[in-house]
Amino acid sequence: MLPFGYAQAKDVGNAIQLMGRAPHAMFVAGGTDMLQLLREGVIEPAELIDLNALPLAGIEADGEGLRIGALARLSDVADHARVRAEFPVLARALAETASPQVRNMATIGGNLLQRTRCLYFRDVAVPCNKRQPGSGCPALDGQNRMNAILGGSAHCIAAYPGDMANALIVLDAMLTVHGPEGERRLKVEELHREPGDAPHVETTMRPGEIITAIHLPSSAHAGNSHYVKIRDRASFEWALVSAAAAIEVADGAVRVARVAAGGVATKPWRLPEVEHRLVGRKLDEAAALTAAEAAAHGAALRPGTAFKAILLRRAVERVLLMAGGLA
Amino acid sequence: MEHHRLKRRGDKERIMAQDNNPSADESRIPQARRLAEQALEAERAGDAEAADRLFAEAERIDPGIVEAVLEEDEATAAQRPARPARTRALGGDGFIARNAMPGIGLHAWQATGTAGAPRTPPAHPTRFEITLTVNGQAHRLAVDTRTTLLDALRDRLNLTGTKKGCALGQCGSCTVLLDGRRINACLMLAVMADGKAITTIEGLARDGALHPVQAAFIARDAFQCGYCTPGQIMSAVGLITEGRGRDDEEIREQMSGNLCRCGAYVNIVAAIRDARGRMEG
Amino acid sequence: MSAVIGQPVPRVDGPAKVTGQAQYAAEFRPYHLAFAAIVSSTIPRGHIRTVDVAEAERAPGVLAIITHENCERLPYKELGKRPQVDPNSGEQLHVFQSAEVLFAGQPIAAVVAETQEAADGAARLVRVAYTVDEPTTVFQISDGKPPSRETAEAGRPAESARGDAGSALGLAPVKVDIACGHAREHHNAMEPHATIAEWDGDRLTLYDKSQWVSNVRMEIAHVFGIPEANIRVISPFVGGAFGSALRTWPHVTIAALCARRVHRPVRVELTRRECFTAIGFRPLTRHRIALGAERDGRLQAIVHEAYGQTSMYEEYAETTLEPARTTYSCPNVRTQYRLVEMNTNTPCPMRAPGVSTGTLAVEMAMNELAEALGMDPLELRLRNYAERDESSNLPWSSKALRECYRVGAERFGWSRRPAAPRAMRDGGCLVGWGMASAIYHANRSACAAQAILYANGQAVVRTAASDMGPGTYTSMTQVAAETLGLPIEKVDVEIGDTAMPKAPVHGGSITMASVGNGVKAACEALREKLRALAGNETDASPEAILRKHELDHLEAEAESKPGDESEKYASAAFGAVFAEVRVDPAFGTVRVPRLVGAYDAGRIINPMIARSQCIGGMVGGLGMALLEAAEWDERLGRVMNANLAEYLVPVCADVAELDVTFVPSEDTIFNPLGAKGLAEIALCGVAPAIAEAVWHATGKRVRDLPIRVEDLLAE
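As C-alpha cells, this is what we get:
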C-alpha cells in the first residue's frame, strides 16, 4: 500500500465536501473489498473518506415498503424480520454472500459497488483494461471461468460478482444517492454499466456521489421471491451462476415476473425475455423450462465459460420452479 | 516502424481534441509515461496493435508524453543491444483459443514493470493517534493509516494470538469480536477501529479457566497445527452469541468463513455443539 | 508401566494453541526488529534490464533495498550430500545473484523498513524493466525428458520393468487403457511462511517455519559459507506445512541478507500470493495407465507412464510410479517417467508426494477394470492382493490390508452397492459409492534425543524434531511417559531447535517411527542410569534416588536408527477408503456426505490425534478430487488464482461425516515401537474413491481432477 490520507466524515454533506476537496480520494464504508484492493495494489487512492460515522445504518418502514440505510451491515439486513418475511430473495442472497465475518462488516451500499473478481483485474503484474485503461484484457483468452458470458465487450469480460444486487433488481429496488448536486433516485438496475470501451467506468454514479439508502417496495411478487446460487464449494465462494426470481401468480397465471442472473454478466443482469415468456402463463414445469431456455440468449461463449450458458438456463429453471412451489 | 511513428505523431491533435476524460490530471503523469514506455516495448516486440492502444491511452492522460518518449527512445537507440529473435508464438497444442491479445503484448506490458505510481502527498493526515480497547484494556497508539487492525494487534500490541493467514479476508484466521460481533481484523484499518472494543483469543479465558469453547476444542481435538484455531474459536464464540448454529448443518455453514487446512472440521463442529450445550445448559 | 501409549490423551500443546500462546515463526520479537517486503518478477523468463529504486529509497522508514546490483556475492557452497528434501539435480535459486529471471514470481529485490507497512509500500515503488525471452509455459507431454542419473538413482528411474508388460497387455482378454491426471496444487498451510533472522557478529539465529531445523542450518551455512555451529534455527510451532516447509526456500536467505545489511533483526513474512511462487507446490501430473487382466480379474499387465512438471533450474521428481509397482500382485509391470521443464518455481513434496498421484492413476484404472469385468471393485482388489512386495520381492514386515477392506466395507455398507451406475437417488440427487486402496511406504531414519530427570520428579525430553500438526509433542510425551514410568503431567517435550539432539525431517510419515524410537531409546538410557543409581532400592521413587545422590538432575542421550530390516522386509502403511457422493444432476455440483477409511498404520500411539490426522487427510483428498487447481495462464506462466478466495480448499460446509478405523496392527519388525506412519496414507486413495463414486452416481468418467461442475453438465 502506498501512503494515503484519512478523514472521517461527520455527515453526508461533510462527506461530499471532503471528497470535493480531495480529487484522488475514495469513500470507504465496510472496507471488506477495499482492503483487498488496497493490499494488492489494485487501487492506490490518495485519501480515504470514512463514511462509517454517518447515521445511515437504520432499517425502517418506508411507505408501503422498507428503507434500508446504506451503512446497514449485510447480516443485519439478512436477519431483519421484515426482510425475511417480505423479501425472501434478499435474505437468501445475503445469507449466501461471503462469510459471517464479512457479512458483519460489509455494508449494503458498499456491497453494491464491490469490484469484479476477475483474476487479471486483481493481479497488478498483468494488464487489465479495467485497472489500467488501454493496457489490454488477458481474460478474453485466459483463465476466465469466473468471467461473464453476457454484457461483455472486446475490452472486458469481468463479471459482476455480487449476489445482493441481483436480488434487489427482481424486487424493483430503488437507490437514493447524494452528491454535490443534491439528492437523486435511481433504480438499482440503472446503477451498473456494461464495460463497452470503458471498462474502468463501472457505474452511473457521478463524481462525489454516495449511496445513502436502498428502498424496497412491498409487492406480491417480492413476497414470492427466491434465490439459487451455484458454486464449487458448498459455502464462502462467489457464484459460478446465480438466479433470482420474484413472481406473482394471480388466477392461475403469472401476473408479474422479475428474473435476474449473477456470476454470468458484467453487471447484475435482468432477463426480460425470460420474464416475457412467463407472463400470462400457468407456472408449471413446462413453462419454467420454456422461459429458462431464453436465459442465455445473446451470450458470448468462450472455451472456459461455455458451460455457464447451460448452468444459467438450469439455475433459472430451478428458481422458477421454486417460485411455483414445484421444487 | 517509422511510418507507424509518423502516424502516431500526426494523430496527436485529434487525440488532444478528444481528451475530455475527467480523470486526466497531473497525478497520473507517471502512469502516462509508463504506458508510453510499455507501448514502446510492444512496438519493439512487433505488436503494432498493442503499441497503438497503449500510445493512445498515454496520450489521453498526458498530451505530449508520446512525443517525449519517442524522442528519448530515438536518442538512445544506438546504445540498445540487439534483442533475441523470437521464433515461436506463445501458447501450445492448439487448445488455447485464438489469442485476441497476443502473448507478446502481455509481456511487453510487463517488461516495463508494474510498480505503483508516485504521487503528490495526501491532503489529509497519514498518521493518527488512536485508542483500541482490547480485552478490556485501553491501548493508546500512533498508527499509519495503512495499518490494519490485525497488524496493530500483532505487530504493535504483540497480541499474536490473532493470526494472519491471508490478510485478504479469505481465511478467517484473524477473526476477533468487535463490539461483540465477529469480524476479520485484516479487513479493517486500525484508524477505523479507533474507540472500539475488541476481544481477541487472549481475552477469552477468565482467571485461568478456559472458555467453554476453548475447552471443547481441546476435548474434541478440533485442531492440529493450531494456526487457524484462535480464529475458529472466536468465530464459534460469535456464532453462539449470535444465537446461530442450532444444528450441525447450520454450524457448518456458519463456520465456513474459517478455513482449516489440517481439515479438522468435523471435530470443530462437534466442539461447538458441545460448547453451546454447556454455555446454554 | 503407566500404559499411556494407545490412550486418547488430549494434546499437551492444546492449552497453548487455544489461548493464542503458541508462538509461530513470525511472532518472535527480537529487539529492534525491522521488516522486509519482497519484490517479485512479473515476467516468466528474461533478464532484469534496470532496477530503479530511487523513489522507493525516498519513502519514509526505508532502511535498505537489496537488488542483484548491490547484493553481496554469496558463496552458495556445494552441498556434500544433498538432503533428501532437495531435488537430486539442478541448482537451487541463487537469491539476488544475477539479473536472470527464471519464472514469474521469482524474488528479485527486497525492501527493509522500520514497519511492515513502510516496506510493503516502498516495494510498490521499485521499478523494474526487463528484457523478455521466450518462456516455456505450456505443459506438453511431448517435451517430457527422462530424469537424470542422479534422480534415477534416488528411486525415480526413467523406466522400470518386471516381466513383459507389453506382450501380456496385448494377450489379456480384458483391458483398460486411460489417460488421467490432476491439476497443480498448492499446500496453502494456514500459516504463511516466515523467517526472522538475527545476526550477532558472525552468529546467526533464524526463527523459521520449518519441518527440519537441522537442514535449514546446514543449507544456510552453505549459502553464506559459515560454519553450521554458528547458526541456530528455532521453530517450536509450525502452522501446517504438508511438505512446503521441508526445504530451505529463498526467503530464508533473504531474511539473513537483509538482517546483515541493516545490522538489525529482520522479519520476512510471505504474502499469500507469494506462497504460490516463493515456495513449492504439487506438480501437475499426467498419466497413461493400462491394465490387462484375465476374465477372473487376475492382473496380467500394468503399464504406467507418468509426466511430471518441474522447473528450468531444478529437477524435481516424485515416486509417482511406486504404487503401480507395489500395490497389487501382477507378473508384468512396466513404468516410464518423464519430466517436463517449464518456467516455473520448482515443485516440492506435498502430502503423499508422488504416491497419491500415482495411486490416483492405479486406482482409477482398477475401478474402470472392475466395470469392464463386471466385477465388484472390492472383489477385484482382493483377487490381486499382493502377499509380498513384488517390486523388491521382499515379504511385508506387516500387512493388514485385507482387514482394512473388510472393516471399511462393513462400516460403509459396501455390500449393498448396486453394480450399475445411476442406480441410487435421494430426492433429486444422484447418489454414488466408490472405493480405492491406499498404500504408502513406511520409512524410518536415525534420531537422537535427550532425556533429563529433575529432582522435583519432572522429566524433559528434547529433540530437534517438529510438529506441524500431527501431534509430535503429544505422542512423544506418551512414549516418554510410558518408557520412564511417569504420568504424562510429569513429562515435558521440547522440539524445534537446532540446539537439541539431531532429528530427521518431519515428513514422509516417518516421525513416529523415527523420533518415537529416538525418544524411547533416550528414556530407556535414562531409566538404566536411574536403575544403576538405585542399586538395590528398586522401590525408591526417581526423586528419592536423585535426592539420595544429591543430584539436581540426571540426563541421558541416545540415538535410535534402523537396522538391516529394510533389506529383509518391505514396510508400508495400508488403507481402504470408501466414498459416497451426491450429485445435483441439473447443476453438476458434487457433495460428499460421508467418507469411511480403515487403516493399517501399525501401532497407534494416540487414537484421538491419529483420527484427527486421518480426517485431515480425507479433507485434503476431497479438495484434490473436487476443488483444488492452480489456474495457470499459459501465456504469462503465472498462477492467476494465487489467493484463498479463488484457489479453493474445502470449507466446513463441504465436509460431513468422516469415519476412521484403525485395524489392529503392530509392526515390531519395522521398528521397536511398532508404529508405521499415518500422515500420507490418510490422503492416498481418497480422490480416486470420490471419482469412482461420481461415476457411480452419474455414469460419467471424469479422469482429470478436480471434477467440476462443467465436467458433469450434459446438455
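Residue numbers (this note's numbering), protein chains in the order written: chain F, 1 to 327; chain X, 328 to 608; chain A, 609 to 1323.
Backbone N, C-alpha and C fix where the C-beta goes; we use that ideal spot for every residue, glycine too.
For clarity, every value in this text was computed on a predicted model and none was experimentally measured.
Subject >> chain F contact residues for E1254 of chain A, given Cβ-Cβ distances below 8 Å >> reply: Position 646 of the third sequence, counting from 1, holds the residue named residue 1254 of chain A. Against chain F, a Cβ distance below 8 Å from E1254 of chain A picks out R117, L119, M146.
Original post:
Per DSSP, T458 of chain X forms a beta bridge with which residues?
Top reply: The sequence position of residue 458 of chain X within the second sequence is 131, counting from 1. DSSP output for T458 of chain X lists X:R467 as bridge partner(s).
Original post:
Along chain A, in chain order, which residues have C-beta atoms closer than 7 Å to that of L311 of chain F?
Top reply: Residue mapping note: residue 311 of chain F aligns to position 311 of the first sequence, counting from 1. F1195, V1317, L1321, listed in chain order.
Original post:
By the 10 Å Cβ neighbour count, where 16 or more other Cβ atoms means buried, how is R811 of chain A classified, buried or exposed?
Top reply: Residue 811 of chain A sits at position 203 when you count from the first residue of the third sequence. Counting the other Cβ atoms within 10 Å of the Cβ of R811 of chain A gives fewer than 16, which makes it exposed.
Subject >> Partner residues on chain X for L1266 of chain A, Cβ-Cβ distance less than 8 Å >> reply: Here residue 1266 of chain A refers to the residue found at position 658 of the third sequence. Per Cβ cutoff of 8 Å: V593.
Original post:
For L2 of chain F and chain A, any beta-carbon pair shorter than 7 Å?
Top reply: Here residue 2 of chain F refers to the residue found at position 2 when the first sequence is read from its first residue. For L2 of chain F, the nearest CB of chain A lies under 7 Å from its own CB, placing it at the interface with that chain.
Subject >> Stretch pair the region 1018-1027 of chain A + the region 920-937 of chain A: three plus CB contacts closer than 8 Å >> reply: no
Subject >> Residues within the region 1233-1255 of chain A neighbouring chain F, beta-carbon criterion of under 8 Å >> reply: L1234, L1235, E1239, W1240, D1241, R1243, L1244, R1246, M1248, N1249, A1250, N1251, A1253, E1254
Original post:
From E971 of chain A to A591 of chain X, what distance separates their C-alpha atoms?
Top reply: Here the question's residue 971 of chain A lines up with position 363 in the third sequence. Here the question's residue 591 of chain X lines up with position 264 in the second sequence. Whole-angstrom Cα-Cα distance: 26 Å.
Original post:
What are the boundary residues of the alpha helix (DSSP H) that H859 of chain A is part of?
Top reply: In the third sequence, the residue the question calls residue 859 of chain A occupies position 251. H859 of chain A -> alpha helix (DSSP H) spans 858-870.
Subject >> Residue ranges of each alpha helix (DSSP H) within the region 803-846 of chain A, 4 or longer >> reply: Fully enclosed alpha helix (DSSP H) runs of 4 or longer: 821-832.
**OP:** Just mark T1085 of chain A as buried or exposed, buried being the case when its beta carbon has 16 or more other beta carbons within 10 Å.
**Re:** Working through the third sequence from its first residue, we reach residue 1085 of chain A at position 477. Burial call: buried.
Subject >> Proximal residues to L381 of chain X (C-beta, below 8 Å), its chain only, five neighbours per side dropped >> reply: Numbered from 1 along the second sequence, position 54 holds the residue referred to as residue 381 of chain X. L362, A363, Q365, A366, A369, W436, listed in sequence order.
**OP:** Would you check if the region 592-603 of chain X and the region 540-559 of chain X touch, i.e. whether three or more CB-CB distances between them fall below 8 Å?
**Re:** yes
Subject >> Run of the alpha helix (DSSP H) containing R603 of chain X, from where it starts to where it stops >> reply: Counting from one through the second sequence, the residue named residue 603 of chain X turns up at place 276. R603 of chain X -> alpha helix (DSSP H) spans 592-607.
Subject >> Limits of the alpha helix (DSSP H) - the one that C118 of chain F falls within >> reply: As a working note, residue 118 of chain F is residue 118 in the first sequence. Boundaries cannot be given for C118 of chain F, as no alpha helix (DSSP H) includes it and DSSP labels it neither H nor E.
**OP:** Could you check how far apart the C-beta atoms of P961 of chain A and F889 of chain A are, in whole angstroms? I think they sit under 8 Å.
**Re:** Translated into positions along the third sequence, residue 961 of chain A becomes position 353. Translated into positions along the third sequence, residue 889 of chain A becomes position 281. That pair is no contact at about 11 Å.
**OP:** Scan the region 357-384 of chain X for residues whose Cβ lies nearer than 8 Å to a Cβ of chain F and list them as they occur along the chain.
**Re:** Q358, L362, Q365, A377, R380, L381, A383, E384
Subject >> Beta carbon proximity, V709 of chain A to chain F, threshold 7 Å >> reply: What you label residue 709 of chain A is simply residue 101 of the third sequence in a count that begins at 1. For V709 of chain A, the answer is no, since every Cβ of chain F falls outside 7 Å of its Cβ.
Original post:
Near G698 of chain A, which residues of its chain fall below 6 Å by C-beta distance, leaving aside the five closest residues on each side in sequence?
Top reply: In the third sequence, counting from the first residue as 1, residue 698 of chain A sits at position 90. In chain order, Y921, E922, E923 place their CB closer than 6 Å to the CB of G698 of chain A, counting only its own chain and leaving out the 5 sequence neighbours on each side.
**OP:** Please go through the same chain and pick out, in chain order, the residues whose beta-carbon is closer than 6 Å to the beta-carbon of K339 of chain X, but skip the five residues on each side of it.
**Re:** One-based indexing of the second sequence puts residue 339 of chain X at position 12. Any reading at K339 of chain X must be qualified, since the residue scores a pLDDT of 36, below 50, and its modelled position is unreliable; the value itself is stated next. Cβ neighbours of K339 of chain X beyond the five flanking positions: none.
Subject >> Nonlocal neighbours in the same chain, by C-beta distance under 8 Å from G499 of chain X, ignoring five residues either side >> reply: For the purposes of this step, residue 499 of chain X is identified with residue 172 of the second sequence, where counting begins at 1. G492, N511, C555, G558, Q559, S562, G584, N585, L586, listed in sequence order.
Original post:
Do E742 of chain A and P800 of chain A come within 7 Å of each other at the CB atom, strictly closer than that value?
Top reply: Locating residue 800 of chain A in the third sequence gives position 192, where the first residue counts as 1. Locating residue 742 of chain A in the third sequence gives position 134, where the first residue counts as 1. The answer is no: Cβ separation not under 7 Å.
**OP:** Report yes or no: is there a C-beta of chain X within less than 7 Å of the C-beta of M350 of chain F?
**Re:** The structure shown has nothing for residue 350 of chain F, since chain F only spans 1 to 327.
Original post:
Can you name the residues that DSSP bridges to P257 of chain F?
Top reply: Here residue 257 of chain F is taken as the residue at index 257 of the first sequence, counted from 1. Per the sequence shown, residue 257 of chain F should be read as Ala rather than Pro. F:I247, per the DSSP bridge assignment.
**OP:** Please decide whether E399 of chain X counts as near chain A, where near means a Cβ-Cβ distance under 7 Å.
**Re:** Locating residue 399 of chain X in the second sequence gives position 72, where the first residue counts as 1. No, E399 of chain X does not count as interfacial toward chain A.
Subject >> Where C883 of chain A falls: helix, strand or coil (DSSP) >> reply: Here residue 883 of chain A refers to the residue found at position 275 when the third sequence is read from its first residue. Note: C883 of chain A maps to helix in three-state DSSP.
Original post:
CA-CA distance, P1150 of chain A and E1132 of chain A?
Top reply: Sequence index remark: in the third sequence, residue 1150 of chain A carries index 542 (1-based). Sequence index remark: in the third sequence, residue 1132 of chain A carries index 524 (1-based). For P1150 of chain A and E1132 of chain A, the distance between alpha carbons rounds to 14 Å.
Original post:
Taking all protein chains shown into account, do 16 or more other C-beta atoms lie within 10 angstroms of the C-beta of D506 of chain X, making it buried, or fewer, making it exposed?
Top reply: In the second sequence, residue 506 of chain X corresponds to position 179, counting from 1. Flag for D506 of chain X reads exposed.
Original post:
Given a threshold of 16 other Cβ atoms within 10 Å of its Cβ, counted over all protein chains shown, does D574 of chain X qualify as buried or as exposed?
Top reply: Reading the second sequence from its first residue, position 247 is the one you call residue 574 of chain X. By the neighbour-count rule (16 or more Cβ atoms within 10 Å), D574 of chain X is not buried but exposed.
**OP:** Would you mind stating whether K1169 of chain A and L1281 of chain A have Cβ atoms separated by less than 7 Å?
**Re:** The sequence position of residue 1169 of chain A within the third sequence is 561, counting from 1. The sequence position of residue 1281 of chain A within the third sequence is 673, counting from 1. Taking 7 Å as the Cβ cut-off, K1169 of chain A and L1281 of chain A do not qualify as a contacting pair.
Subject >> Proximity test, Cβ basis, 7 Å: V1259 of chain A and chain F >> reply: Stepping through the third sequence from its first residue, residue 1259 of chain A is reached at position 651. Yes, contact with chain F.
**OP:** Count the C-beta pairs between the region 167-174 of chain F and the region 236-247 of chain F that are closer than 8 Å, then say yes if the count reaches three, no if not.
**Re:** Three or more beta-carbon pairs separated by less than 8 Å link the region 167-174 of chain F to the region 236-247 of chain F, which places the two stretches in contact.
Original post:
Would H434 of chain X count as contacting chain A if we go by Cβ distances under 7 Å?
Top reply: Along the second sequence, read from residue 1 onward, the residue named residue 434 of chain X stands at position 107. Yes, H434 of chain X lies at the interface with chain A (some Cβ there is under 7 Å from its Cβ).
Subject >> Under the three-state DSSP convention, the category D660 of chain A falls into >> reply: Locating residue 660 of chain A in the third sequence gives position 52, counting from the first residue. Three-state DSSP puts D660 of chain A in a strand.
Subject >> Buried or exposed by the 16-neighbour rule on C-beta atoms within 10 Å, applied to R735 of chain A >> reply: The residue given as residue 735 of chain A occupies position 127 in the third sequence. Buried is the call here.
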